[in-house]
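Number of protein chains: 4
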Amino acid sequence: MQQSKTAIQILKAAEALFSEQGFSETTMRQITAKADVNLAAVNYHFGSKQGLIQAVTEKYMHPFCEYIETVVAERLISLPDRTVSINELIEMVMRALLHVRQDNEHALSMFMRLLDLSYMKNQEALRQYMVNQYHAKLEGFLALLRKDASPMDSDEFFWRLHFLLGSMIFTLSNYHTLIALEQQELEKTSEIEKILHRMIPVISAGFQARSEQNYFCRL
Amino acid sequence: MQQSKTAIQILKAAEALFSEQGFSETTMRQITAKADVNLAAVNYHFGSKQGLIQAVTEKYMHPFCEYIETVVAERLISLPDRTVSINELIEMVMRALLHVRQDNEHALSMFMRLLDLSYMKNQEALRQYMVNQYHAKLEGFLALLRKDASPMDSDEFFWRLHFLLGSMIFTLSNYHTLIALEQQELEKTSEIEKILHRMIPVISAGFQARSEQNYFCRL
Amino acid sequence: MQQSKTAIQILKAAEALFSEQGFSETTMRQITAKADVNLAAVNYHFGSKQGLIQAVTEKYMHPFCEYIETVVAERLISLPDRTVSINELIEMVMRALLHVRQDNEHALSMFMRLLDLSYMKNQEALRQYMVNQYHAKLEGFLALLRKDASPMDSDEFFWRLHFLLGSMIFTLSNYHTLIALEQQELEKTSEIEKILHRMIPVISAGFQARSEQNYFCRL
Amino acid sequence: MQQSKTAIQILKAAEALFSEQGFSETTMRQITAKADVNLAAVNYHFGSKQGLIQAVTEKYMHPFCEYIETVVAERLISLPDRTVSINELIEMVMRALLHVRQDNEHALSMFMRLLDLSYMKNQEALRQYMVNQYHAKLEGFLALLRKDASPMDSDEFFWRLHFLLGSMIFTLSNYHTLIALEQQELEKTSEIEKILHRMIPVISAGFQARSEQNYFCRL
DNA sequence: AATGAATGAGGGTTCATTCAT
DNA sequence: AATGAATGAACCCTCATTCAT
């Protein structure tokens, strides 16, 4: 087997804890206690805490980007003449997220928390690493998105992309808290599929909104 | 004076550091070093690190909520018969943000990072505190928002609210990083006012988007 | 007071342990336990274990070199015409050693262990630091020693210097063990003054020995 | 073959590392990595790290003592009437050192570092082991040395022996550093044979030096 | 004969906090 | 009102060693 049972237990425990508490708030002792393995096992299998974080990064970033790249390529080959709508593109992302999630309920929160971390000011190294590693695979997707958003300036596109990325990152990284709040306030529980689906029209509309002018006299 | 010079220096230093690094990544030593005060001063003036965080919470939450409450009340009195559009409501929020920002460039990032923190699973105490303290002042605003979004189910409203809250929290808490990225990619720098303004149509459109049906057969 | 009581206790405990066990074999926990202070006190007062080692380095190297420099200068002023014999020079060193020892029975062992450490292959940083810091003060002494050893080649001088430095470093850094051995074998105990005195003719004779020729046909 | 290929690789790697870094500074991981064998191999072949150290001890101590014992015996048989000069005795030691060195450039440094270790205060077990194991073989040699040094007191002999042992141990255990220093300062490199030869007159003269009297009034 | 996996003990360091002044 | 000194707890990591195969 490629990964030992212990390594898998560690990953599983780490993902759950990272998902709920974030990375730096999660200690090696918590991870190894939850995984029911020796404290030194993390360093044995992953070299360091940072190595563990990188392992989970790759575990989710790789298939996510791979999925996006593949699906974009397939779409362009099968229907080369038809334009790709924003809705279609966003659906691709949602399907990619479901794809990396597989059967691990903490996968998406942790994945999103990782993206969140990468935008921290003092995490330039992580940011650069992710750009180097994965930017190429996402280029095709971004180009299509940019094309659909053509009437927009580059800076408008930049900010809208991050507004909507923020929606995803915030709601999915805090998924468990929000589910609990929803339960408490509305006595209702949404499955993650439903949440992702709800995001589609909101993000799509946000992207296509007509930008306002003359903001200086407004605010 | 109500607050000693030392306390003010601490607050200023803490806000900058919290804004850039987050709360738990910021140490008392960093804060007191930057503020050029004694290490024990934070505990002396604020009781604990948590006390300091609570102090900055109140410093920004209070005027923010006060502003929203006031402006909503004024609007309802002056034009009681006219409905309040979503755009108008969102603009209120943006003006409230500019109002709490005042002259402190780190204020908004830190404020948003605080909201972010309050959605962490293990921060129920903070969450509860904020609800108890400020929910009443925001009730009027939320009622207006809910009214405009009337054709929506309660759960749809809940999630959209958080999608769009996520946009705000993510982009504003990582404001400095995003500015740097924009500078690097586009050789352009947006002032915070412009960013807030850009958010208005995106959030507004997101709120008003027509929700899709039959999602199960789509994803 | 310049150094707090705790810092002094730490230094005293550290010197004893370093003297008996060497530096890397001595743990912070041993030091703080012996000094009866908190584990974190070393880092508070000296920054790190390395900082503590540097502190003891300076505590002994500084007065030692200062002493040598002063005594050499005085000697040259008071009797400028008389040559300085090797015996006299070596006696200066021995007196300098007694001077740094003062009332601390571990001082000399530790001092010598430090010199020993500085010749380790992977301690180039320490070596360079000591050269930069103290070479100037010892230059005068070395010049006099070199002058007396004039019929020698530079490389012969280099090696003899280290042969005799080795005598000092080995016997003084292992002082306590050797005393114990002497006691055990001969039922006799030498005070450190006597040992230093014994070294004088041996080192002196070693320095002045007539070097052999034609070693290739001998060994 | 008596020793497996793996065991030989381990010994070779360990000797190099022990020679350069000392024993406790050298880790099992460093050894097994350099030897390109499994981490557990050391414990498998030598029982423990201490067992490995004991193995290299015996590898060098045994032939060294054997050599000395043999050569002393041969000398006494072939020329029973002629006294053995100190110079001759010291040359024996040097030839014994060259004999154990064979073709391994790290052998002598490591051997000397071992002797150094055995004088550490907390290494009484090692010290006792070496005395038990090898004292008998060196008795003859020491007796001859003692006879030549007859006008000396026993304690004087004890200390001079260690002064000169210190010369050897220090210069040979730090052989690589000293070679580098010589190269750097004098642009010259001495082979080990030359260094050993240089030691002969120095040690010899040290042993035969006339001891000084009345030291109390001098220092 | 040999090894990948795993472990318990202990390493130095850093944290927020408290105490005595 | 303020601070230098000191602390207990916890941090990540590395060590030599052992176990199951």
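Chains as they are written, first to last, in our numbering: chain A, 13 to 231; chain B, 13 to 231; chain C, 13 to 231; chain D, 13 to 231. A virtual CB, placed ideally from N, CA and C, is assigned to each residue, including glycine.
Beta-carbon spacing of residue i, residue j below 9 angstroms
i: A/Ser179; j: A/Met211; result: yes
i: C/Ile43; j: C/Ala19; result: no
i: C/Glu32; j: D/Asn134; result: yes
i: C/Leu120; j: C/Leu64; result: no
i: B/Leu177; j: A/Tyr131; result: no
i: D/Ser90; j: C/Asp167; result: no
i: C/Phe175; j: D/Phe182; result: yes
i: D/Leu156; j: D/Leu173; result: no
i: A/Ser223; j: B/Pro213; result: yes
i: D/Asp160; j: D/Ser97; result: yes
9 angstroms Cβ cutoff, residue i in contact with chain C
i: D/Met142; result: no
i: D/Phe170; result: yes
i: D/Arg94; result: no
i: D/Met40; result: no
i: D/Glu151; result: no
i: D/Gly218; result: yes
i: D/Glu78; result: no
i: D/Leu181; result: With the sequence shown as reference, residue 181 of chain D is identified as Ile, and Leu is not the correct amino acid for it. So, interface residue.
i: D/His188; result: yes
Residue i at chain A interface by Cβ criterion, 9 angstroms
i: B/Asp128; result: yes
i: B/Glu1; result: Outside the displayed range of chain B (13 to 231) lies residue 1 of chain B, so it cannot be described from this structure.
i: B/Arg210; result: yes
Residue i versus the options, residue with shortest Cα-Cα distance
i: B/Asn55; options: B/Met132, B/Met40, B/Ile20 and B/Ser97; result: B/Met40
i: D/Gln220; options: D/Thr183, D/Glu205 and D/Pro163; result: D/Pro163
i: B/Glu103; options: B/Asp167, B/His188 and B/Leu208; result: B/Leu208
i: C/His147; options: C/Gln15, C/Lys17, C/Phe76 and C/Glu27; result: C/Phe76
i: D/Ser36; options: D/Asn50, D/Asp115, D/Leu126 and D/Arg139; result: D/Leu126
i: A/Glu117; options: A/Ala52, A/Ala161 and A/Tyr187; result: A/Tyr187
i: D/Lys71; options: D/Trp171, D/Gln145, D/Asp160 and D/Phe175; result: D/Gln145
i: C/Asn99; options: C/Arg222, C/Leu138 and C/Ala217; result: C/Ala217
i: B/Met124; options: B/Ala137, B/Glu136 and B/Val105; result: B/Val105
i: A/Ala137; options: A/Gln62, A/Arg113, A/Ala192 and A/Leu88; result: A/Gln62
i: A/Lys200; options: B/Leu101, B/Ala52 and B/Asp165; result: B/Asp165
Cutoff 6 angstroms; reference residue i; Cβ partners in own chain excluding five residues on either side
i: C/Glu81; result: Lys149
i: A/Lys239; result: There is no way to answer for residue 239 of chain A, as the model of chain A reaches only from 13 to 231.
i: D/Thr38; result: Leu29 and Phe30
i: D/Gln66; result: none
i: D/Ser16; result: none
Sequence-distant residues of its chain with Cβ nearer than 8 angstroms to residue i (five each side left out)
i: C/Arg107; result: Tyr79 and Val83
i: D/Glu205; result: Leu110
i: D/Met142; result: Thr69, Met73 and Ser130
i: D/Ala85; result: Gly152
i: B/Gln21; result: Ala47, Asp48 and Val49
Short CB-CB distance (under 9 angstroms) between residue i and chain D
i: C/Asn134; result: yes
i: C/Phe30; result: no
i: C/Met13; result: Note that C/Met13 has pLDDT 47, beneath the 50 cutoff, so the model's placement of it is unreliable and no number is given.
i: C/Pro163; result: no
i: C/Thr82; result: no
i: C/Tyr146; result: no
i: C/Pro213; result: yes
i: C/Tyr131; result: yes
i: C/Gln21; result: no
C-beta neighbour in chain B for residue i, strict 9 angstroms
i: A/Ala192; result: yes
i: A/Val68; result: no
i: A/His74; result: no
i: A/Asp115; result: no
i: A/Ser223; result: yes
i: A/Val112; result: no
Cut-off 7 angstroms between Cβ atoms - residues of its own chain near residue i, not counting five sequence neighbours on either side
i: C/Glu27; result: Val68, Asn116, His118, Ala119 and Met122
i: D/Phe58; result: Leu64 and Ala67
i: D/Arg139; result: Ser130
i: B/Thr95; result: none
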